[in-house]
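**Q**
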Amino acid sequence: MADLVATARQLAADLLAPSAAAVEAAGTVPRGHLDALAGAGLYGLTGPRPAGGLGVDAVTVAAVVEELAAGDLATTFVWLQHLGVVARLAAAGTHADLLADLCAGRRRAGVALQAATRPGPPAMRVRADDGDLVLDGAVPWVTGWGAVDVLLVAARDGADVAFVLVDAAEGPTLAVEAQPLVAVQASATVELQLAGHRVPADRLVRRRPFAEVLASDAATLRVNGSLALGLVRRCTRLVGPSPLDGEVAAVRARLGAAGPDDLPAARAEAAALAHRAAGALAVATGSGAVRSGSDAERTLREALFLLVFGTRPAIRAALLDRLGAAPPPR
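Position 101 of the sequence shown, counting from 1, maps to 100 under numbering that gives the first Met the number 0, and the rest follow consecutively.
1) I need the straight-line Cα distance from L306 to R290, nearest angstrom please.
2) What are the start and end residues of the alpha helix (DSSP H) that includes R290?
3) Taking C-beta to C-beta, are H94 and L88 nearer than 8 Å?
4) What runs of the beta strand (DSSP E), each 3 residues or longer, lie entirely inside the region 189 to 259?
5) From the DSSP output, read off the bridge partner residues of G309.
6) What residues in its chain sit with their C-beta under 6 Å from that of A103, if we drop five residues either side in the sequence?
7) Among A264, D71, R126, which has the Cα closest to the Cα of G26?
8) Would you decide whether R30 is buried or exposed? Buried here means 16 or more other CB atoms lie within 10 Å of its CB.
9) Using beta-carbon positions only, say whether L230 and T298 come within less than 8 Å of one another.
10) Determine contact between the region 203 to 212 and the region 145 to 161, defined as no fewer than three beta-carbon pairs at a distance below 8 Å.
11) Nearest by alpha-carbon distance to L3: which of A16, A19, T45 is it?
12) Candidates A248, G258, L243: which alpha carbon is nearest L280's?
13) Pop quiz: A114 and A137 are said to be a contact at Cβ under 8 Å. What is the actual Cβ separation, rounded to whole angstroms?
14) Excluding sequence positions up to five away, which residues of its chain have a Cβ less than 6 Å from the Cβ of G54?
15) With a threshold of 6 Å on Cβ separation, who are the neighbours of R155 within its own chain once the five nearest residues in sequence on each side are excluded?
16) Got a sec? Which residues, its chain only, sit under 6 Å from A16 by beta carbon, not counting five neighbours each side?
17) Note down, in chain order, each residue of its chain lying with its Cβ closer than 8 Å to the Cβ of L220, except the 5 sequence neighbours on either side.
18) If you reduce the DSSP assignment to three classes, tell me which class R48 lands in.
19) Can you tell me where the beta strand (DSSP E) with L151 in it begins and where it stops?
20) Would you mind sorting Q9 into buried or exposed? The rule is 16 or more other CB atoms within 10 Å of its CB.
21) If I'm right that L67 touches A7 with Cβ under 8 Å, what's the distance once you round it to whole angstroms?
22) Between the beta-carbon of L302 and the beta-carbon of A273, is there less than 8 Å?
23) Report yes if the C-beta of V160 is less than 7 Å from at least one heavy atom of the ligand GDP; otherwise report no.
24) Once you ignore the five residues that flank Q192 on each side, which residues in its own chain have a CB closer than 6 Å to its CB?
25) Suppose only complete runs of 4+ residues qualify. What are the alpha helix (DSSP H) ranges in the region 69 to 133, listed by chain order?
26) Report the rounded CA-to-CA distance for V147 versus R275, giving the unit in angstroms.
27) Which residues in the same chain as T172 place their Cβ atom closer than 6 Å to its Cβ, once the five residues preceding and following it in sequence are excluded?
28) Smallest Cα separation from A248: which of L14, A227, G292, G170?
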């Protein structure tokens, strides 16, 4: 799928990178950016071919994410949530009409998953009532509000996690509150609050045991590392030839080869490299790096964002160790 990677690289160079500073300043991803990704077929990247998707392998997905993130992290971040919904619908084998619309980019999706899948008491619950599903709780990080039509919400029901489709529209039982972020503010990330929110029972995508969801979580971590590698690629292009070129290739290879046990360390390595590369870009830029809106200033903030985005305890521990702040052994 080299053509897809080349298409993503061209979109990043011609559309995303030249307007990245303006997008961040405006605080919203232009619909035209997302339309361009849909027009290139990238909204169906993880979708099955019978539904109009491209059905590409994980290596191609990672490469496309990396290319787009090198251009503009906010746009890539919004689009990436959609891919997760497409993949989950495809795996469940349900909602064929919606899946076809999502693959074509006619409808666009976001995710609200972490409140029900994190260890400990669930922050989002679901129950059946008179032919409906009723959701209650809050999800602190939901990306792409205003740019998505539907959310895939994970909610706990006893020992199970239910994945439920919810229309992305405010109302008496669905409220959102903007999350002010240090970076990717244009991603329109909000806290989602549901209070007795009812949806038809046929909006259920699938139900899985909570323990099974946690066990499979590691498989979802790989692609987030490509966001960090995209930032490194941006830095290498702006700085020029340097040892960072070899390092990004090495980290990419480790991410690709990592199994579930090794993936947290590889993810930490990618985030730490992005942090260091952004610092190198600032130094190479000089005093202009402290000018608000410069490529270096924005990239530094985005590298900070990626140090904490999508982390898990094992990733955090590995990052603290790399940054020299791991707690001393007992």
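Where a beta carbon is used, it is the ideal one built from N, C-alpha and C, also for glycine.
**A** So, from the data block:
1) Within the sequence shown, residue 306 is the residue found at index 307, counting from 1. Within the sequence shown, residue 290 is the residue found at index 291, counting from 1. Cα to Cα, L306 sits roughly 22 Å from R290.
2) The count along the sequence shown starts at 1 and reaches residue 290 at position 291. Counting along the chain, R290 falls outside any alpha helix (DSSP H), and DSSP gives it neither H nor E.
3) Start at 1 with the first residue of the sequence shown, and residue 94 comes out as number 95. Start at 1 with the first residue of the sequence shown, and residue 88 comes out as number 89. Going by C-beta atoms, H94 is nearer than 8 Å to L88.
4) 189 to 199, 203 to 208
5) One-based indexing of the sequence shown puts residue 309 at position 310. Per DSSP, none; premise fails for G309.
6) Your numbering for residue 103 matches position 104 in the sequence shown. Within the same chain, A103 has close Cβ partners G51.
7) Within the sequence shown, the letter at position 27 stands for residue 26. Here the closest residue by C-alpha is D71.
8) In the sequence shown, the residue the question calls residue 30 occupies position 31. Exposed, by the Cβ-count rule.
9) The sequence position of residue 230 within the sequence shown is 231, counting from 1. The sequence position of residue 298 within the sequence shown is 299, counting from 1. Cβ distance < 8 Å, so L230 and T298 count as in contact.
10) Yes: the two stretches touch, three or more of their Cβ pairs being nearer than 8 Å.
11) Reading the sequence shown from its first residue, position 4 is the one you call residue 3. Out of A16, A19, T45, T45 has the C-alpha closest to the C-alpha of L3.
12) Position 281 of the sequence shown, counted from the first residue, corresponds to residue 280. Minimum Cα distance to L280 is reached at L243.
13) In the sequence shown, the residue the question calls residue 114 occupies position 115. In the sequence shown, the residue the question calls residue 137 occupies position 138. Confirmed, about 7 Å.
14) Stepping through the sequence shown from its first residue, residue 54 is reached at position 55. Within the same chain, G54 has close Cβ partners P47, R48.
15) Numbered from its first residue, the sequence shown carries residue 155 at position 156. Around R155: A115, P121, R124.
16) Numbered from 1 along the sequence shown, position 17 holds the residue referred to as residue 16. These residues qualify, in order along the chain: G70.
17) Within the sequence shown, the letter at position 221 stands for residue 220. Non-local C-beta neighbours of L220 in its own chain, meaning closer than 8 Å and more than five positions away in sequence, comprise L262, P263, R266, G309, R311, I314, ordered along the chain.
18) Numbered from its first residue, the sequence shown carries residue 48 at position 49. Residue state, collapsed to three classes: helix.
19) One-based indexing of the sequence shown puts residue 151 at position 152. Run containing L151: 149 to 156, per the beta strand (DSSP E) assignment.
20) Here residue 9 refers to the residue found at position 10 of the sequence shown. Classification for Q9: exposed.
21) Within the sequence shown, residue 67 is the residue found at index 68, counting from 1. Within the sequence shown, residue 7 is the residue found at index 8, counting from 1. That belief holds up - the Cβ atoms of L67 and A7 are roughly 5 Å apart, short of 8 Å.
22) Locating residue 302 in the sequence shown gives position 303, where the first residue counts as 1. Locating residue 273 in the sequence shown gives position 274, where the first residue counts as 1. Correcting the residue identity first, residue 302 is Ala in this sequence and not Leu. Yes.
23) Among the components of this structure there are no ligands whatsoever, and the ligand GDP is therefore not found.
24) Counted from its first residue, the sequence shown places residue 192 at position 193. Correct list, in chain order: A137, A174.
25) 72 to 91, 95 to 103, 113 to 116
26) Walking along the sequence shown from the start, residue 147 turns up at place 148. Walking along the sequence shown from the start, residue 275 turns up at place 276. Distance between the alpha carbons of V147 and R275: 33 Å.
27) Mapped onto the sequence shown, residue 172 falls at position 173. Counting only Cβ-Cβ distances below 6 Å, and skipping sequence neighbours, we find A194, G195, H196.
28) Along the sequence shown, read from residue 1 onward, the residue named residue 248 stands at position 249. Looking at the Cα atoms, A227 is the closest of the given residues.
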